[in-house]
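Residue numbers (the working numbering): 615 to 902.
As structure tokens, then:
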């Protein structure tokens, strides 16, 4: 998952943990002083100090989580801007999957789109953590989870698919030894247009609810970018077809102009006179 910069972490989390450590040190000094003085510390004193230590530790972990999420959302904003700046569908799809893997720490990521003419899901791109494209032979994924998400429009996250009663009996989960799985729908105007699937075969508990929130937000932006790229592709294809038709029409017009020019020559009085003279000479030559 996305890590917060080390310097940022020490400013908040480490200071809170240092305060907790100091409280523990003070508690030890107070206990030693009470022992030497032959007195016993009131129970509420030690209880209060331990409660403050626990609260400081909880707050430190909460701050740490918030900083990690902040970095993730900054990455999300940056990459969302990046993918929306491109109108080439293949570039957009690859950038989407590379970002998904970077944000979640997944081993592999797959993106499917719904075919408009058939309604079937088609794998459009598959990437790994090395930012390289996977071959179809490496598509060891849970297609049942992908179809479930596409049909329901609801995301799925599991920390260990092999132990999850929803998926543990599925052939793909068993055969491919799948563990952490995260799959979210790509929605465009409340219509599911595809899915984003990420997994890790070796690690349990990789994906959290925070990963799900971040990826869902990213998927919404990615769906818009993909829709824009598809529209651009269609417009580009239509323009190329229009150019082709114009070229064909130009050829036809040029041919018609050539024929018209030839006819204007052959039908002229001068050309007709030449034809008659040529015919006379041919006859004389035949008679001779």
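For glycine and all other residues, C-beta sits at the position ideal for the given N, C-alpha and C.
Please say whether residue 710 and residue 812 have beta carbons closer to each other than 7 angstroms?
no
Assuming residue 718 contacts residue 829 (C-beta within less than 8 angstroms), just tell me the rounded distance between them.
6 angstroms
Mind checking who residue 740 pairs with in its DSSP beta bridge?
724
Around the Cβ of residue 866, are there at least 16 other Cβ atoms within 10 angstroms (buried) or fewer (exposed)?
exposed
The alpha helix (DSSP H) with residue 764 in it runs from where to where?
757-766
Of the residues 815, 874, 800 and 816, which one's Cα is nearest the Cα of residue 838?
800
Proximity winner among 705, 707 and 628, relative to residue 672 (alpha-carbon distances)
628
Going by alpha carbons, who is nearest to residue 715 out of 746, 730 and 736?
746
Checking 7 angstroms against the spacing of the C-beta atoms, do residue 826 and residue 794 come in under that value?
no
Identity of the residue in 645, 769 and 749 nearest residue 834 by Cα:
769
Is it the case that the Cβ atoms of residue 798 and residue 810 are separated by a distance below 7 angstroms?
yes
Keeping to the same chain, check which residues put their C-beta closer than 7 angstroms to that of residue 818; ignore five residues upstream and five downstream.
773, 774, 793 and 794
Could you name the residues of the same chain whose beta carbon sits closer than 6 angstroms to that of residue 790, not counting the 5 residues immediately before and after it, in chain order?
754
Of all the options 757, 728 and 815, which has the alpha carbon lying nearest to the alpha carbon of residue 722?
815
Between the Cα of residue 845 and those of 706, 663, 759 and 646, spot the shortest distance and give me the residue it belongs to.
706
Which class does residue 825 belong to by DSSP, given the choice of helix, strand or coil?
helix
Should residue 757 be flagged as near chain C, meaning a C-beta pair shorter than 7 angstroms?
Judged by its chain identifiers, the structure shown contains no chain C, having just a single protein chain.
May I ask you to report which of helix, strand or coil DSSP gives residue 754?
coil
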